[in-house]
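The block underneath contains the structure these notes are about, expressed in structure tokens.
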Amino acid sequence: MLNIRNLHVKLEEEDKQILKGVNLTVDAGRVHAIMGPNGSGKSTLSYVLAGRDGYEVTEGSATLEGEELLGMEPEERAAAGLFLAFQYPVEIPGVGNMTFLRTALNAQRKARGEEELSAGDFLKVVREKAKRLKIDAEMLKRPVNVGFSGGEKKRNEILQMAMLEPRMCILDETDSGLDVDAMKLVADGVNALRDAGRAFLVITHYQRLLDHIAPDVVHIMADGRIVKTGGPELALEVEKNGYADILAGAL
Amino acid sequence: MSLPQAKADALSARIAGLGFAAEGWLGSARSQALQRLTGMGLPGKRDEYWRYTDPTDLIVPAAPQAALFDMSDEPMAFDGIDRLKLVFVDGVFDAAASDDPALAGVEITRLGQVPDLHWARELYGVLEARGQAPVPRPLATLNTAFATEGLLIRVTGKAAKPVNLIYLHESETSDAILHHCVKVEAGAELTLLENGPAAARFNKVLEVEVADGARFHHIRTQGRDHQRRAVTHVFARLGCESLFKSFTLTANGVLTRNEVVLELAGDDGMAHVAGAAVGDGAFHHDDTVFVTHAAERCESRQVFKKVLKNGAVGVFQGKILVKPGAQKTDGYQISQSLLLDEDSQFLAKPELEIYADDVKCSHGSTSGAIDETALFYLRSRGVPRREATSLLVLAFLAEAIAEIEDEAIAEDIRQRLEGWLTRHEG
Numbered sequence: 000m001l002n003i004r005n006l007h008v009k010l011e012e013e014d015k016q017i018l019k020g021v022n023l024t025v026d027a028g029r030v031h032a033i034m035g036p037n038g039s040g041k042s043t044l045s046y047v048l049a050g051r052d053g054y055e056v057t058e059g060s061a062t063l064e065g066e067e068l069l070g071m072e073p074e075e076r077a078a079a080g081l082f083l084a085f086q087y088p089v090e091i092p093g094v095g096n097m098t099f100l101r102t103a104l105n106a107q108r109k110a111r112g113e114e115e116l117s118a119g120d121f122l123k124v125v126r127e128k129a130k131r132l133k134i135d136a137e138m139l140k141r142p143v144n145v146g147f148s149g150g151e152k153k154r155n156e157i158l159q160m161a162m163l164e165p166r167m168c169i170l171d172e173t174d175s176g177l178d179v180d181a182m183k184l185v186a187d188g189v190n191a192l193r194d195a196g197r198a199f200l201v202i203t204h205y206q207r208l209l210d211h212i213a214p215d216v217v218h219i220m221a222d223g224r225i226v227k228t229g230g231p232e233l234a235l236e237v238e239k240n241g242y243a244d245i246l247a248g249a250l
Numbered sequence: 000m001s002l003p004q005a006k007a008d009a010l011s012a013r014i015a016g017l018g019f020a021a022e023g024w025l026g027s028a029r030s031q032a033l034q035r036l037t038g039m040g041l042p043g044k045r046d047e048y049w050r051y052t053d054p055t056d057l058i059v060p061a062a063p064q065a066a067l068f069d070m071s072d073e074p075m076a077f078d079g080i081d082r083l084k085l086v087f088v089d090g091v092f093d094a095a096a097s098d099d100p101a102l103a104g105v106e107i108t109r110l111g112q113v114p115d116l117h118w119a120r121e122l123y124g125v126l127e128a129r130g131q132a133p134v135p136r137p138l139a140t141l142n143t144a145f146a147t148e149g150l151l152i153r154v155t156g157k158a159a160k161p162v163n164l165i166y167l168h169e170s171e172t173s174d175a176i177l178h179h180c181v182k183v184e185a186g187a188e189l190t191l192l193e194n195g196p197a198a199a200r201f202n203k204v205l206e207v208e209v210a211d212g213a214r215f216h217h218i219r220t221q222g223r224d225h226q227r228r229a230v231t232h233v234f235a236r237l238g239c240e241s242l243f244k245s246f247t248l249t250a251n252g253v254l255t256r257n258e259v260v261l262e263l264a265g266d267d268g269m270a271h272v273a274g275a276a277v278g279d280g281a282f283h284h285d286d287t288v289f290v291t292h293a294a295e296r297c298e299s300r301q302v303f304k305k306v307l308k309n310g311a312v313g314v315f316q317g318k319i320l321v322k323p324g325a326q327k328t329d330g331y332q333i334s335q336s337l338l339l340d341e342d343s344q345f346l347a348k349p350e351l352e353i354y355a356d357d358v359k360c361s362h363g364s365t366s367g368a369i370d371e372t373a374l375f376y377l378r379s380r381g382v383p384r385r386e387a388t389s390l391l392v393l394a395f396l397a398e399a400i401a402e403i404e405d406e407a408i409a410e411d412i413r414q415r416l417e418g419w420l421t422r423h424e425g
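As you go down the protein sequences, you meet chains Z and D in turn.
Okay, so the first sequence: first residue is 0 according to numbering that gives the first Met the number 0, each after it adds one.
Okay, so the second sequence: first residue is 0 according to numbering that gives the first Met the number 0, each after it adds one.
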């Protein structure tokens, strides 16, 4: 599904290398987690994959089902099936949440040569999916993320994911700022989307999210590289001993 | 006090070619206006009130030539709204192109064709004259003295449908001066729509009396004719528990100065004035607003949003004056610009002047570029850049459009803006 080879990325504005040769393969149907200390490059990796400005790829490639992502516009990556759940979902005053969801969904369908969803069909689908995430009608009517609590924003990200049905989902610190109940709700939303044709890359500082979204593979990232890869037990080791031991062992 | 020679000369030159009818009450209103005008002279570049807008094109004797602009690529504004259409061509009323002006709840007569004892004598030039302090507005006074046409609209009940004044432009050198008076009597209600390029140069005054408990809605579109020069004034006085709402969409145009002068004269009145302006090129839009709170518990809102690119200039001068005794006033003013490139400019002068101690007044003014983070967020969900930009621009303008109560009219305005954005993308 996702294949990252020797990815080197620096900040566009300054001569600072953030990613220094990331190699990662995520197969369909699998959940991979990336853990690592602050500043290790986890969020940069997610932004670069989604196509955010401000980064320069100096070397390497990233393909989604064989298609090179790195030259694509962000909207083309989305249409190709990539989705990034933001660590800090953006507030957009003046744009209704429903309008946003419908515009996004139809833009992707159009880009893929599919028919746009009618207003009625859209409404039916969105209501059903929103209900599962305990997102009420009022929240759907409000401007995108404006006045949403931290938990509501993250649930809204998962709702977008559920509506857009991407093949490759990247969750960037989706657990940050969530209490246990909110985290469980978000995790349930993610788990409901798990299937054989879809893959997840879950970026997190802490093991606790992985209690709810069980990963198949865990990677430890440090200083712009993936330094260790293992099973779920690796996350438990981090939780118990911190990163210092693992990093020392890896280097 | 006599005028400086240069100002006196400029005034003589400007009014030399203008006709002056002086009969009956209208004649005396005109004479008085001419007298006032002679005392103030025309605006000059050095006048503080014209600091951000060069009035030259508005005061030179002949209207600068303006090419006709083909706008047939989109329906005329308010096309889908059931309304009474009254058409002016280059400032001349066109009865043949207009609907029969009979409308339940409304009496409409033409300026100059009214009996001597007419309600409009209490209004024509009266609100304009009241609006001359503390800042002179000589182009409005010139209008009172020399208007060639106009409509006198008296509303006695709830108007059966909106009245739409349509201004067509067919001559490249037309210089139109129109003066309308609207009296919305106690408890009555009218929606007034205005649209069309009007003339090469257009000077229009609208005086509105909104009596106790009356409601007046005003929605107009100006543009997209590039070479338009227009100066418009709205003078309104509001009675107790009355409502006044005015929204203007301005698109392109070399020079547009819209002044709105409101007086909340009765307790519990509500006055909202809003504008959305979009400019792409060497265009200049100036909104100058003066709201006076002279009664208790009134609410006023000024919401002005401008989207500018390729050298367009936006100006906002807005003032809230709260007079002594106007307690519990709720005044709000916001002016914002979205600059789509670095060549465009927004000049704002927000002012508050408060002489009562129990009031709530706020104002804000901002200028900024499109929010790149929001743009990326939308694009990351699959919305193409162009569409995402349009969404964000419309979102920026939404607060101004929200001042239009009628949803069908608001939708008409939104579609016009979407059309403009599509034509001016990139």
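From the three backbone atoms N, C-alpha and C, an ideal C-beta is built for every residue, glycine too.
Note that the structure is predicted; figures quoted are calculated from it, not measured.
Item: Residues bridged to R219(D) (per DSSP); Value: E193(D), T247(D)
Item: Close beta carbons around Y48(D), own chain, < 6 Å, minus the five adjacent residues each side; Value: V134
Item: Segment contact flag, the stretch 235-247 of chain D with the stretch 148-158 of chain D, C-beta cutoff 8 Å, min 3 pairs; Value: no
Item: Residue of G111(D), K305(D), T143(D) minimising C-alpha distance to Q34(D); Value: T143(D)
Item: Partner residues on chain Z for L390(D), Cβ-Cβ distance less than 9 Å; Value: I91, G93, V94, T98, F99, T102
Item: Beta-carbon gap between S173(D) and A96(D) smaller than 8 Å; Value: no
Item: Buried or exposed (CB count within 10 angstroms, at least 16 for buried), A77(Z); Value: buried
Item: Entirely enclosed alpha helix (DSSP H) segments - the stretch 123-201 of chain D, minimum 4 residues; Value: 125-129, 137-145
Item: Continuous alpha helix (DSSP H) stretch holding I14(D): start and end; Value: 4-15
Item: 8 Å contact criterion, which V302(D) and E398(D) should meet: CB distance rounded; Value: 5 Å
Item: Cα-Cα separation between L416(D) and Q226(D), rounded to whole angstroms; Value: 19 Å
Item: Proximity test, Cβ basis, 8 Å: E74(Z) and chain D; Value: yes
Item: Opening and closing residue of the alpha helix (DSSP H) in which A387(D) lies; Value: 384-400
Item: CB contact flag (L177(D), G195(D), <8 Å); Value: no
Item: Reduced DSSP secondary structure (H/G/I, E/B, other) of K153(Z); Value: helix
Item: Selection of the stretch 157-174 of chain Z by Cβ proximity to chain D, strictly under 8 Å; Value: Q159, L163
Item: Residue range of the unbroken beta strand (DSSP E) whose run includes Y54(Z); Value: 54-63
Item: Alpha-carbon spacing of R101(Z) relative to I333(D), whole angstroms; Value: 31 Å
Item: Limits of the unbroken beta strand (DSSP E) element including M34(Z); Value: 30-34
Item: Boundaries (first-last residue) of the beta strand (DSSP E) holding G229(Z); Value: 224-229
Item: Reduced DSSP secondary structure (H/G/I, E/B, other) of M70(D); Value: coil
Item: Any C-beta of chain Z under 8 Å from that of V382(D); Value: yes
Item: Closest residue to K19(Z) among L44(Z), L158(Z), E12(Z) (Cα-Cα distance); Value: L44(Z)
Item: Which of helix, strand or coil DSSP assigns to Y331(D); Value: strand
Item: C-alpha gap between L252(Z) and D46(D), whole angstroms; Value: Since the first residue of chain Z shown is 0 and the last is 250, residue 252(Z) is not available in this structure.
Item: DSSP beta-bridge partners of Q16(Z); Value: K9(Z)
Item: Contacts that R51(Z) makes with chain D (C-beta to C-beta distance below 7 Å); Value: F375
Item: Within chain D, partners of A251(Z) - CB distance below 8 Å; Value: The structure shown has nothing for residue 251(Z), since chain Z only spans 0 to 250.
Item: A161(Z) and K128(Z) closer than 8 Å at C-beta; Value: yes
Item: Which listed residue (R219(D), V321(D), P100(D)) has its alpha carbon closest to that of D357(D); Value: V321(D)
Item: Validate contact between the stretch 91-111 of chain Z and the stretch 388-407 of chain D using beta carbons, cut 8 Å, 3 pairs; Value: yes
Item: Residues from the stretch 88-116 of chain D in contact with chain Z, defined by Cβ distance under 7 Å; Value: none
Item: Nearest residue (CA-CA) to R108(Z), options M182(Z), L163(Z), V185(Z), V217(Z); Value: L163(Z)
Item: CB contact below 8 Å: Q107(Z) versus chain D; Value: yes
Item: Contact test: M75(D) Cβ vs the ligand HEM heavy atom, cutoff 7 Å; Value: The model depicted lacks the ligand HEM and carries no ligand whatsoever.
Item: Residue environment, K251(Z), which counts as buried when at least 16 other CB atoms sit within 10 Å; Value: The structure shown has nothing for residue 251(Z), since chain Z only spans 0 to 250.
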